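Right, one structure below, let's go through it.
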């Protein structure tokens with residue numbers, strides 16, 4: 061709530077602002093970066109929802125009250141006090157040590173992963189590593205894969221956008237975290253450029269084929285790869301990411317590894333202690349990497365004062381958001397015509413076209429596409445998201461605001477049949493009306 065999510069949100073704020081600014085002015089960049097923008101925005105929105113949901117449901121206060129009751133019971137029992145008396149204190153102390161390193165980790169990962177110049181040089185470095193490890197054979201075996209991955213990067217890459225991302229994100233990386241986690245190499249390079257990050261970006265990007273001429277790089281990798289490898293070895297961006305990575309590994313990563321191991325061990329002990337001390341509490345098994353079923357009730361919710369969300373949405377709402385030419389909210393003419401004529405076929409309900417509905421099922425990352433069944437086993441929708449205010453459900457499930465979002469299967473069938481003209485697929489299905497209770 062106070063450390064990790066806010067810094068990740070702030071860094072992605074910067075990245076999204078840069079990309080959005082270019083996408084709204086340049087059609088080609090809009091095409092290139094639409095998927096990247098959506099990918100960055102996905103977790104960015106989730107983290108904001110986590111902070112909002114944890115705050116609005118007093119998750120911290122509830123956890124502190126639970127821990128206070130746990131500690132009270134432990135202190136009242138001689139055997140438990142000897143075994144678990146300092147457990148919560150040890151966890152708190154370890155997390156306090158962990159905090160600054162976890163913050164530095166998020167700064168590093170969120171910044172370096174957004175700059176594609178670093179992705180390019182890292183692909184070429186993997187070729188160099190393959191050759192050093194296994195000679196020419198290793199190099200030749202790795203080359204096709206590297207060329208394929210670079211081709212994918214260059215296809216959706218703009219050096220102008222990437223340079224501005226470098227400027228915005230690296231400026232924040234240097235200014236908004238303690239100097240102890242910023243590589244001295246980077247600080248020295250900035251001093252050489254009068255502490256102007258834009259001048260450092262000019263040095264890295266300007267007149268550099270690796271970042272300005274992807275087609276030339278790919279051609280040279282086919283005809284004379286050593287030329288590209290030599291250019292990469294001498295490239296300033298290559299040196300920079302190497303220094304940043306080495307410094308991160310020596311000052312942050314190694315400390316995180318040791319502290320995380322200690323936290324994991326303490327948490328195992330804490331779970332054992334809770335099962336002994338909090339007898340009335342139900343503890344769910346670890347179901348990671350298994351198939352599972354979740355259940356709940358279709359239900360609306362109140363996310364904040366004076367705001368009420370119904371449990372369903374209709375095509376009317378889609379049309380309300382329609383903005384011609386907008387890369388998020390433009391709509392095809394055929395869909396607009398179907399709506400205008402209320403041509404919903406057998407899928408409409410009372411003259412309207414249902415689109416989505418929400419329920420109190422607990423879902424998490426990876427549940428998108430899961431079938432939603434009614435009480436009688438009929439397929440009624442497909443899960444694809446969670447409401448914004450309930451994304452904290454992984455940390456603190458609260459039935460008052462945690463809702464999963466499903467597309468109504470009637471809308472899926474409407475799109476397949478009426479919009480896409482693939483009614484022959486619907487004919488292969490068995491459409492039923494939900495059974496009613498007697």
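Residue numbers (my numbering): 61 to 498.
Every residue gets a Cβ at the ideal spot worked out from N, C-alpha and C, and that includes glycine.
Bear in mind that the values here come from a model prediction, so they are computed numbers and not experimental data.
{"Asked": "Within its chain, find whatever has a CB closer than 8 Å to the CB of residue 280; leave out the 5 residues flanking it on each side and keep chain order.", "Found": "287, 288"}
{"Asked": "Nearest by alpha-carbon distance to residue 88: which of 260, 261, 215 is it?", "Found": "215"}
{"Asked": "Exposed or buried, what is residue 285 when buried is set at 16 or more other beta-carbons lying within 10 Å of its beta-carbon?", "Found": "buried"}
{"Asked": "Exposed or buried, residue 500, counting other C-beta atoms within 10 Å across all chains shown (16 or more means buried)?", "Found": "In this structure the chain extends from 61 to 498, so residue 500 is not present and cannot be described."}
{"Asked": "Three or more beta-carbon pairs under 8 Å between the segment 132 to 145 and the segment 332 to 346, yes or no?", "Found": "yes"}
{"Asked": "If distances are taken between C-alpha atoms only, which option among 398, 458, 403, 437 comes closest to residue 421?", "Found": "458"}
{"Asked": "Give me the residue from 306, 266, 274, 399 with the minimum Cα distance to residue 479.", "Found": "399"}
{"Asked": "DSSP beta-bridge partners for residue 464?", "Found": "419, 446"}
{"Asked": "Kindly list the residues whose CB is nearer than 7 Å to the CB of residue 295, restricted to its own chain and excluding five residues on each side of it in sequence; keep chain order.", "Found": "181, 268, 270"}
{"Asked": "Looking only at its own chain, which residues have a Cβ that is under 6 Å from the Cβ of residue 498, when we skip the five neighbours before and after it?", "Found": "Only weak support is given to the placement of residue 498: the predicted model assigns it a pLDDT of 46, under 50, and the value that follows is read from those uncertain coordinates. Nothing meets the Cβ criterion."}
{"Asked": "Can at least three beta-carbon pairs, one atom from the segment 313 to 327 and one from the segment 143 to 152, be found at a separation below 8 Å?", "Found": "yes"}
{"Asked": "If you measure between the beta carbons of residue 226 and residue 301, is that distance less than 8 Å?", "Found": "no"}
{"Asked": "Please report the distance separating the alpha-carbon of residue 462 from that of residue 365.", "Found": "16 Å"}
{"Asked": "In terms of residues, what are the limits of the beta strand (DSSP E) holding residue 211?", "Found": "Note, residue 211: premise wrong, no beta strand (DSSP E); alpha helix (DSSP H) at 176 to 215."}
{"Asked": "Inspect the beta-carbon positions of residue 438 and residue 472 and report whether they are closer than 8 Å.", "Found": "no"}
{"Asked": "Report yes or no: do the segment 95 to 103 and the segment 112 to 127 share at least 3 C-beta pairs separated by less than 8 Å?", "Found": "no"}
{"Asked": "Since residue 432 is in the beta strand (DSSP E), which residue starts that stretch and which ends it?", "Found": "431 to 433"}
{"Asked": "Less than 8 Å between the beta carbons of residue 199 and residue 184, yes or no?", "Found": "no"}
{"Asked": "Assuming contact is defined by CB atoms lying nearer than 8 Å, are residue 222 and residue 257 in contact in what I supplied?", "Found": "no"}
{"Asked": "Based on DSSP bridge pairs, tell me the residues matched to residue 63.", "Found": "Per DSSP, none; premise fails for residue 63."}
{"Asked": "DSSP state of residue 487, grouped into three classes?", "Found": "coil"}
{"Asked": "Once DSSP output is grouped into helix, strand and coil, what is the label at residue 492?", "Found": "coil"}
{"Asked": "Given 8 Å as the limit, is there contact between the segment 415 to 430 and the segment 440 to 450, that is, 3 or more CB pairs closer than that?", "Found": "yes"}
{"Asked": "Can you tell me where the beta strand (DSSP E) holding residue 373 begins and where it ends?", "Found": "372 to 374"}
{"Asked": "So which of 313, 489, 440, 342 has the shortest CA-CA distance to residue 467?", "Found": "440"}
{"Asked": "Taking all protein chains shown into account, do 16 or more other C-beta atoms lie within 10 angstroms of the C-beta of residue 139, making it buried, or fewer, making it exposed?", "Found": "exposed"}
{"Asked": "Please classify residue 352: does DSSP put it in a helix, a strand, or coil?", "Found": "coil"}
{"Asked": "Report yes if the CB atom of residue 377 is closer than 8 Å to the CB atom of residue 353, and no otherwise.", "Found": "no"}
{"Asked": "Look at the alpha carbon of residue 275 and the alpha carbon of residue 218, and state the distance between them as a whole number of angstroms.", "Found": "13 Å"}
{"Asked": "So is residue 282 buried or exposed if we call it buried at 16+ other beta carbons inside 10 Å?", "Found": "exposed"}
{"Asked": "With a floor of 4 residues, list each alpha helix (DSSP H) that falls wholly inside the segment 242 to 271, ordered by position along the chain.", "Found": "244 to 252, 257 to 265"}
{"Asked": "I'd like to know if the segment 63 to 73 and the segment 154 to 173 are in contact, where contact means that at least 3 CB-CB pairs between them fall below 8 Å.", "Found": "yes"}
{"Asked": "For the alpha helix (DSSP H) that residue 234 lies in, which residues bound it at each end?", "Found": "219 to 235"}
{"Asked": "For residue 73, which residues of its own chain have a beta-carbon under 8 Å away from its beta-carbon, when the five flanking residues on both sides are left out?", "Found": "104"}
{"Asked": "Do the CB positions of residue 371 and residue 470 come within less than 8 Å of each other?", "Found": "no"}
{"Asked": "Less than 8 Å between the C-beta atoms of residue 312 and residue 164, yes or no?", "Found": "yes"}
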